[in-house]
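Below is one structure, written out as structure tokens; comments come after it.
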Amino acid sequence: MEQRARVCVCVCVCVCVCVCVCVCVCVCVCVCPPPPPPPPRVCVCFLAFQLDLNLIQFFSEDGTGRSLEIPAGTTAREVCRSLALKNQCLDDSCWALVESYPHIGLERSLEDHEIVAQVQAGWGSDCDNKLFFRKNYAKYEFFKNPVQFFPEHMASTSFDTNGTTPHSQIIQNLINASGCPEIQGYLHVKDPGKKSWKKLYCFLRPSGVLTLEPRLIFCNIQEPRHLQCCAELSDSNVYAVVSGKKIYSTPSDFAFCIKPNRTSLQKELKVFCAEDEQSRTCWVTTMRLFKYGTQLHQNYHLTEQRRSYSTQTTNTPMRNISDNTLVAMDFSGRKGRVIDNPSEALSAAMEEGQAWRRRSSQRFALGSPSPCQPSAFTSAIHKTQLWFHGRITREEAQRIITQQGLVDGLFLLRDSHSNPKTFVLSLCHHQKIKHFQILPVSEDGSLFFSADEGHTKFSDLIQLVEFYTLNRGPLPCRLKHHCTRVAL
């Protein structure tokens, strides 16, 4: 009897379970919506993301390189910031990416807003083009010192048909982004596929480079029907020519080129040659303004905002110092006074240099080696500085300074080739590079260095550089920026 009851209970339970299941199934069929679509596959999304990345290699001046995987929309400014941080460099607006065409001798700095992947996409598959990570102090210098970049005899405006607009007004329009100077002057022009050069009077307009018929040069006629289009700026970029005499047989070293974006064939390039560096810089800078216009002003203002923000966040904000705001001071008495006499100012600078020398002598007197017998560390301490470039030639020094921007105060120090025991200070002033010998001077058994024939002496080159960073002395300007090389 117990067994029967147990079986019946089990059967009832099963029936109940079956009934419940059936009811549940019916409810589900009637109430539940259709099943949702399957979720997207994770691997497909990952592959799509990978396709938006570009592996690009960047080079430094010493030949070292670094590959970066960057998103497709990365700008040149963003890449410079990434490379500066990876190499523990100060991230400032002077870093630039330089597009180089070695086989045709062309170089240009990418603008901060340009997309790096798009620039590389315009290269051929079998080309030897490179992107260099380099300083370019002249990138926005024409906004800070426009008079030096736009000479009065070359600049005019589109509304100034009689040449009556003051040069100061043209410069002010440029700074306010309300206009762009139109440039005119003589250029040596080489037609594509030809070896001969022609000297033509050229005009730079937003449409491109125009030339005036030779018979009308002295007639002061500039009507459009008399002008011939020599090169268009649309869908083109302007490049500086490297080794122009060797590759293009240029009349001077100040050549530039307008290259169409669609090709890098030498026969399709339009090469121009100016008389001097100031003229070439003026033409190239104005072409940049015509091509990018307001975008260049925005890039410049963004860099100034970043610089201002970084200055405000530091504990010791730096003051923007120019040569015009510096005056010579005499602190020999109880209170300082401004020196107006140039001869007296030079004498004060010499006395300041002697004070620096006395302070260095006091350091030697406190237990360090004697100046007359400097230690190996003291005699070679300058080799640890970024501004010292070792035993390079004068031509190499000029090339480095030119590449990093011909701005006032850009300098480097190097060993002298003509005299192994001396050094040379290579300094840029007014877009010209000058070289000053630094001679060793012995006094009372002590060895010093001097850039003014012994009038101002320093115990090492570091003190000399620090002094002329604050004082112009016999130099044409103070030392402001040093040429540097970064190993990627």
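Numbering-wise, the sequence shown is residues -24 to -1, 1 to 464 according to mature numbering (1 follows the signal peptide of the UniProt record, and there is no 0).
Built from N, CA and C at the ideal position, the CB exists for glycine as well.
These figures come from a predicted structure and were not determined experimentally.
Could you check where the alpha helix (DSSP H) with residue i kicks off and where it finishes?
{"i": "P236", "result": "Unbroken run through P236 is the beta strand (DSSP E), 231 to 236; no alpha helix (DSSP H)."}
{"i": "C56", "result": "52 to 62"}
{"i": "Y116", "result": "Here Y116 belongs to no alpha helix (DSSP H), and DSSP marks it neither H nor E."}
{"i": "S255", "result": "253 to 268"}
{"i": "E442", "result": "437 to 446"}
{"i": "T378", "result": "370 to 379"}
{"i": "I223", "result": "220 to 223"}
Which value, in whole angstroms, describes the spacing of the CA atoms of residue i and residue j?
{"i": "P227", "j": "C249", "result": "7 Å"}
{"i": "Q33", "j": "E75", "result": "12 Å"}
{"i": "F126", "j": "H458", "result": "25 Å"}
{"i": "Q204", "j": "F179", "result": "10 Å"}
{"i": "R53", "j": "L66", "result": "14 Å"}
{"i": "Y268", "j": "G39", "result": "31 Å"}
{"i": "T460", "j": "L388", "result": "8 Å"}
{"i": "H202", "j": "L186", "result": "10 Å"}
{"i": "T257", "j": "Q374", "result": "16 Å"}
{"i": "I438", "j": "E189", "result": "57 Å"}
{"i": "I146", "j": "E158", "result": "10 Å"}
{"i": "P293", "j": "E280", "result": "Legend: pLDDT at P293 = 45, less than 50; position of this residue unreliable, no value from coordinates given."}
{"i": "L176", "j": "V165", "result": "7 Å"}
{"i": "M305", "j": "N447", "result": "In this prediction, M305 has a pLDDT of 49, which is less than 50 and means its spatial position is unreliable; nothing more can be read from the coordinates."}
{"i": "L455", "j": "S101", "result": "43 Å"}
{"i": "N121", "j": "K111", "result": "19 Å"}
{"i": "H358", "j": "F424", "result": "14 Å"}
{"i": "H129", "j": "H143", "result": "9 Å"}
{"i": "A463", "j": "A356", "result": "21 Å"}
{"i": "V123", "j": "N149", "result": "12 Å"}
{"i": "L272", "j": "F266", "result": "10 Å"}
{"i": "S132", "j": "V383", "result": "23 Å"}
{"i": "R282", "j": "G430", "result": "43 Å"}
Measure how close the beta-carbons of residue i and residue j come, nearest whole angstrom, since I'm counting them as under 8 Å.
{"i": "F230", "j": "E251", "result": "7 Å"}
{"i": "V417", "j": "K433", "result": "6 Å"}
{"i": "S36", "j": "F109", "result": "6 Å"}
{"i": "N275", "j": "E87", "result": "7 Å"}
{"i": "P452", "j": "A427", "result": "In fact, because the Cβ distance is near 12 Å, the residues do not count as touching under 8 Å."}
{"i": "L29", "j": "E45", "result": "5 Å"}
{"i": "S240", "j": "C103", "result": "7 Å"}
{"i": "P168", "j": "K246", "result": "7 Å"}
{"i": "T50", "j": "V92", "result": "6 Å"}
{"i": "G381", "j": "Y77", "result": "Contact doesn't hold; Cβ gap of about 20 Å is too wide."}
{"i": "I376", "j": "C404", "result": "I376 to C404, Cβ: 11 Å. No contact."}
Quick check on the burial criterion: 16 or more other C-beta atoms within 10 angstroms. Buried or exposed for residue i?
{"i": "R215", "result": "A quick correction: the sequence has Tyr, not Arg, at residue 215. Answer is buried; the Cβ neighbour count reaches 16."}
{"i": "A97", "result": "exposed"}
{"i": "A24", "result": "Because the pLDDT at A24 is just 40, under 50, the model does not fix this residue reliably, and the value given afterwards should be weighed accordingly. When all chains shown are included, A24 counts as exposed."}
{"i": "G385", "result": "buried"}
{"i": "Q407", "result": "buried"}
{"i": "S435", "result": "buried"}
{"i": "A48", "result": "exposed"}
{"i": "Y162", "result": "exposed"}
{"i": "Q94", "result": "exposed"}
{"i": "Q85", "result": "One detail in the question is off: residue 85 reads as Ser in this sequence, not Gln. Classification for S85: buried."}
{"i": "A207", "result": "buried"}
{"i": "H365", "result": "buried"}
{"i": "R367", "result": "exposed"}
{"i": "T270", "result": "exposed"}
{"i": "K221", "result": "exposed"}
{"i": "Q379", "result": "buried"}
{"i": "N213", "result": "buried"}
{"i": "Q254", "result": "buried"}
{"i": "G421", "result": "exposed"}
Looking at the unbroken beta strand (DSSP E) that takes in residue i, where does it start and where does it end?
{"i": "W71", "result": "71 to 77"}
{"i": "F35", "result": "29 to 35"}
{"i": "R390", "result": "386 to 391"}
{"i": "A97", "result": "Unbroken run through A97 is the alpha helix (DSSP H), 92 to 97; no beta strand (DSSP E)."}
{"i": "residue 472", "result": "Residue 472 lies beyond the residue range present for the chain, which begins at -24 and ends at 464; the question has no answer from this structure."}
{"i": "K408", "result": "408 to 419"}
{"i": "G184", "result": "184 to 188"}
Relative to the C-alpha of residue i, which residue among the options is closest?
{"i": "D391", "options": "T239, L382, V383, L401", "result": "L401"}
{"i": "Q361", "options": "E442, E371, F35", "result": "E442"}
{"i": "H411", "options": "C103, W71, E372", "result": "E372"}
{"i": "V217", "options": "F232, S85, A207, S210", "result": "F232"}
{"i": "H89", "options": "K359, L209, V55, R367", "result": "V55"}
{"i": "W71", "options": "L423, L107, T261", "result": "L107"}
{"i": "Q413", "options": "G421, S422, H393", "result": "H393"}
{"i": "Q242", "options": "M263, L415, K171, F364", "result": "K171"}
{"i": "K62", "options": "T51, G41, I80", "result": "G41"}
{"i": "R181", "options": "T445, R264, P236", "result": "R264"}
{"i": "T261", "options": "T270, K115, E429, W363", "result": "K115"}
{"i": "I80", "options": "I377, S69, I223, L415", "result": "I223"}
{"i": "S210", "options": "H405, W173, G184", "result": "G184"}
Return yes when at least one heavy atom of the ligand MG lies under 7 Å from the C-beta of residue i, else no.
{"i": "N447", "result": "By its list of ligands, the structure shown contains no ligand whatsoever, and the ligand MG lies outside what it can speak to."}
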